[in-house]
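S.K.:
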Amino acid sequence: MKKGLSFLVVVSVIVAGICSAGAGEIGLIDMKGVILQSDAGKAAGADLEKFIEGKKEQRTKLEGQLQKMQDDLKKQASVLPENVYKEKELAYQKEYRDDKRFIEDTNAEMKIKDQELSQKLIPEVISASNTVGKKGGYTCIMDIGSGGIIYYDKGNDLTKKVVEEYNKAYKAKK
Numbered sequence: 241m242k243k244g245l246s247f248l249v250v251v252s253v254i255v256a257g258i259c260s261a262g263a264g265e266i267g268l269i270d271m272k273g274v275i276l277q278s279d280a281g282k283a284a285g286a287d288l289e290k291f292i293e294g295k296k297e298q299r300t301k302l303e304g305q306l307q308k309m310q311d312d313l314k315k316q317a318s319v320l321p322e323n324v325y326k327e328k329e330l331a332y333q334k335e336y337r338d339d340k341r342f343i344e345d346t347n348a349e350m351k352i353k354d355q356e357l358s359q360k361l362i363p364e365v366i367s368a369s370n371t372v373g374k375k376g377g378y379t380c381i382m383d384i385g386s387g388g389i390i391y392y393d394k395g396n397d398l399t400k401k402v403v404e405e406y407n408k409a410y411k412a413k414k
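Laid out in structure tokens, this is it:
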């Protein structure tokens, strides 16, 4: 942990030194904010939300089936022969494990989808940042969310400008 933090501080100091060595200004963006506020990010978020809603529907059906199995098992516990009851109990336990596996798989899928969407959008955000940086005469643009920045003047925050540039490029690509 200490090594990672030390490395981050050293890299931040080096980057800040390199950026301040030039004649231009240092610009800052919130990469996550750009993604969330941009049209492309909102569209990607809507796609992810559709995926989540579909999985929620599946989960609700599975949960209903599980509850029905459990209720039937409780109602029939005193009437069923022991071997039949054990079979039904085993079937219920299997369904319960399948349900837990479904939840784990869904969470893993959501994480992967989120990473894929981010990996697709990040190069586009960088491109929009480059355009804003060149137009504004910035020596470098750093991501606020990457750590290492303790204080910055809000006047150097280019997040809104990058969102606008990114939206222009996104609409042109459509």
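The sequence shown begins at 241 in my numbering and counts up by one. The beta carbon of each residue, even a glycine, is placed where N, CA and C say it ideally should be.
So, with DSSP's three-state summary, where would you put residue 193?
M.R.: Only positions 241 to 414 of the chain appear in this structure, which leaves residue 193 out of reach.
S.K.: Check whether the Cβ atoms of residue 274 and residue 402 sit closer than 8 Å, and answer yes or no.
M.R.: Yes, the Cβ-Cβ distance between residue 274 and residue 402 is below 8 Å.
S.K.: Under 8 Å, with one C-beta from each stretch per pair, do the stretch 287 to 302 and the stretch 350 to 359 reach the 3-pair mark?
M.R.: yes
S.K.: Select from 332, 410, 298 and 386 the residue whose C-alpha is nearest the C-alpha of residue 368.
M.R.: 410
S.K.: Compare the Cα-Cα distances from residue 268 to each of 380, 404 and 318 and report the closest residue.
M.R.: 380
S.K.: Look at the alpha carbon of residue 342 and the alpha carbon of residue 407, and state the distance between them as a whole number of angstroms.
M.R.: 37 Å
S.K.: Taking residue 287 as part of the alpha helix (DSSP H), name the residues at either end of that continuous run.
M.R.: 279 to 316
S.K.: Please report how far the alpha carbon of residue 331 lies from the alpha carbon of residue 308, in whole angstroms.
M.R.: 12 Å
S.K.: Near residue 245, what residues of its chain come up, given a Cβ to Cβ distance below 8 Å and the 5 sequence neighbours on each side ignored?
M.R.: Reliability fails at residue 245, whose pLDDT of 44 lies under 50, so the model's placement of it is uncertain and no value is given.
S.K.: Hey, quick one: how far does the beta strand (DSSP E) through residue 391 stretch, first residue to last?
M.R.: Careful: residue 391 lies outside any beta strand (DSSP E) and carries neither H nor E.
S.K.: Alpha carbon to alpha carbon, how far is residue 301 from residue 270? Give it in angstroms, no decimals.
M.R.: 40 Å
S.K.: Inspect the beta-carbon positions of residue 313 and residue 328 and report whether they are closer than 8 Å.
M.R.: yes
S.K.: Between residue 346 and the rest of its own chain, which residues show a CB-CB distance below 6 Å, the 5 nearest in sequence each way excluded?
M.R.: Apart from sequence neighbours up to five positions away, the residues of its chain that approach residue 346 with a beta-carbon distance below 6 Å are 295, ordered along the chain.
S.K.: According to the Cβ coordinates, are residue 361 and residue 281 closer than 8 Å?
M.R.: yes
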